[in-house]
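Numbering (this note's numbering), first residue to last: 133 to 429.
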Amino acid sequence: MKKISLTSTVLFSMVTWASAQNVGIGTTNPTNKLEVISTVVSASNATIGATNNGTVGSAIYGISNAAGTYGVQGTSNNGIGVFGSSSYIALAANATSGTAAYGTSVSGYGLRTIGKIRLAGGNTNPVDGAVLTSDATGNAVWKPRKNGFFVSGAANSAIPPNIYRKVEFGYETYDPGSDFVNFQGTTTSSTSVFTAPVAGVYHFSSAVMFENTDEASMQYADIRIIKNSTAIALKGVKPVYFTGPANAFLEIEGDFHLDANDKIWIEVSQHNSLGKTCGLNNENYTGRFSGQLKFAD
Numbered sequence: 133m134k135k136i137s138l139t140s141t142v143l144f145s146m147v148t149w150a151s152a153q154n155v156g157i158g159t160t161n162p163t164n165k166l167e168v169i170s171t172v173v174s175a176s177n178a179t180i181g182a183t184n185n186g187t188v189g190s191a192i193y194g195i196s197n198a199a200g201t202y203g204v205q206g207t208s209n210n211g212i213g214v215f216g217s218s219s220y221i222a223l224a225a226n227a228t229s230g231t232a233a234y235g236t237s238v239s240g241y242g243l244r245t246i247g248k249i250r251l252a253g254g255n256t257n258p259v260d261g262a263v264l265t266s267d268a269t270g271n272a273v274w275k276p277r278k279n280g281f282f283v284s285g286a287a288n289s290a291i292p293p294n295i296y297r298k299v300e301f302g303y304e305t306y307d308p309g310s311d312f313v314n315f316q317g318t319t320t321s322s323t324s325v326f327t328a329p330v331a332g333v334y335h336f337s338s339a340v341m342f343e344n345t346d347e348a349s350m351q352y353a354d355i356r357i358i359k360n361s362t363a364i365a366l367k368g369v370k371p372v373y374f375t376g377p378a379n380a381f382l383e384i385e386g387d388f389h390l391d392a393n394d395k396i397w398i399e400v401s402q403h404n405s406l407g408k409t410c411g412l413n414n415e416n417y418t419g420r421f422s423g424q425l426k427f428a429d
């Protein structure tokens, strides 16, 4: 029988023996080919420590060829099941089929990383600026972030003179990110407001039309883009008179940088000498508001 020589510090609680081809360290009843049980704190607080000082290879390398088995498995009730540290790749897993890396936790983290994460290959389809999403079973995939909306149909029946009022848009053509709250009959602080989902540069465009204004009273009208209660763009026009009533068509657009959760909406005002209210045309082609993300930070 070969003798085994231990060159490192011998732990008093260590028991090494072989029974039915199972080897145990710190246990007299090993149930695995090699089982190590330790309560002694080492320099790295690990039961088993492996170091590779070479230029190639791995400190620990596990291969499992049978379905439902594991190349390397770590379990912890309150700590970390598997821990990897490296100046390049801390933990690498590879599988031609099945699962390359699997983590589970009852009340902690199934996977926790400190540093960069790179997800690519398979059906993930990474592209610049994409958002990681999943199907109903949790399979992750990169998809381009769809930031944009188009609404129309100014719902304001009348705008009082000489004050600014938010324009309520009642018809939504598209809003894939659900970032715009369209008007549905009741005006609130959230209706007809766009909330930026990510920081970046956005383009906004809007148009409305005052109609059947009194030629003798209306002097001018204006439209402005509001960000978080502050005007960031303003444009005014004078009414275009034909015979009798007049129309005032207002358009505005521009590129603006927004932080995540910044809020944008449209306000209009009309100014006249007789103090009369003026209505907005509610057709979809005359009252509109749209916005798109040009590029994220």
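Cβ coordinates follow ideal geometry from the N, Cα and C atoms, glycine included.
- Message: Pull the bridge partners of L166 from the DSSP assignment, please.
- Response: The partner list for L166 (beta bridge, DSSP) reads V155.
- Message: Just to confirm my understanding: we take G309, look at its own chain, exclude 5 residues before and 5 after, and list those with CB closer than 7 Å. What are they?
- Response: If we look at G309 and ignore the five residues flanking it on each side, its Cβ neighbours are K278, N279, P329.
- Query: Is DSSP giving D429 helix, strand or coil here?
  - Reply: The three-state reading of DSSP puts D429 in coil, since its state is none of H, G, I, E or B.
- C-beta contact flag for T418 and V340 at 9 Å: In contact: T418 and V340 (Cβ atoms closer than 9 Å).
- Message: Cutting at 8 Å between CB atoms, please list the residues of its own chain near K367, excluding the five before and the five after it.
- Response: Here K367 has D354, I355, R356, L382, E383, I384 as same chain residues with Cβ atoms under 8 Å from its own Cβ, once five neighbours each way along the sequence are excluded.
- Query: To the nearest angstrom, how far is it from the Cα of F326 to the Cα of N360?
  - Reply: Distance between F326 and N360, taken at the CA atoms: about 10 Å.
- Message: Classify P162: buried if its beta carbon has 16 or more other beta carbons within 10 angstroms, exposed otherwise.
- Response: Burial check for P162: the Cβ neighbour count within 10 Å reaches 16 or more, so the residue is buried.
- Is DSSP giving G285 helix, strand or coil here? Note: G285 maps to strand in three-state DSSP.
- Spatial distance of F388 from F421 (CA atoms): Approximately 15 Å between the Cα atoms of the pair.
- Does the separation of the CB atoms of R296 and S401 fall below 9 Å? Here the sequence assigns Tyr to residue 296, which means Arg is not the residue at that position. Between Y296 and S401, the C-beta spacing is below 9 Å.
- Message: Rounded to whole angstroms, what is the Cα-Cα separation between L166 and G253?
- Response: For L166 and G253, the gap between their C-alpha atoms comes out near 35 Å.
- Item | Under the three-state DSSP convention, the category Q205 falls into | In the displayed model, Q205 falls within coil according to three-state DSSP, outside both helix and strand.
- Item | T323 burial status per 10 Å Cβ neighbour count (16 or more: buried) | Buried, because 16 or more other Cβ atoms sit within 10 Å of the Cβ of T323.
- Query: How is S361 classed by DSSP in three states: helix, strand or coil?
  - Reply: Coil, per DSSP.
- Check whether A232 and L243 have beta carbons under 9 Å apart: No, the Cβ-Cβ distance between A232 and L243 is not below 9 Å.
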